[in-house]
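Enquirer: Take this structure first; my questions come after.
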Amino acid sequence: VAILRSEGLVVEDLIVLIERGKKGRSDMESLGVRLHAYLHVAELFSYCESIGIIDSQKRMDLECFVDGE
3 VAILRSEGLV VEDLIVLIER GKKGRSDMES LGVRLHAYLH VAELFSYCES IGIIDSQKRM
63 DLECFVDGE
């Protein structure tokens, strides 16, 4: 954001496919940028669990990892 703004661009919004954690959102908000995500990674973990790719323990482990950033 800083690099783009230093070149004279106006950055007010950021669009991402997957939001990984809370830190990125808070970092963007502190810069005055609205973050728009298709889904949060925790939703992806839940989906993977629902279709049998991972079990509930692995989902919880992954969510804890992401929350710990």
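Quick note: the sequence shown uses the numbering used here, first residue 3, plus one each step. Ideal Cβ placement from N, Cα and C applies to all residues, glycine included.
(1) With a Cβ-Cβ cutoff of 8 angstroms, do G26 and L37 count as a contact?
(2) If you measure between the beta carbons of A39 and E65, is that distance less than 8 angstroms?
(3) Nearest-angstrom Cα distance between F67 and D57?
(4) Which residue comes first and which comes last in the beta strand (DSSP E) that contains R27?
(5) Return the chain-ordered ranges of every alpha helix (DSSP H) run that is complete within the region 43–67 and spans a minimum of 4 residues.
Expert: The structure says:
(1) yes
(2) no
(3) Each residue's alpha carbon lies about 16 angstroms from the other.
(4) Per DSSP, R27 belongs to no beta strand (DSSP E); it is in the alpha helix (DSSP H), K24 to S32.
(5) 43–52
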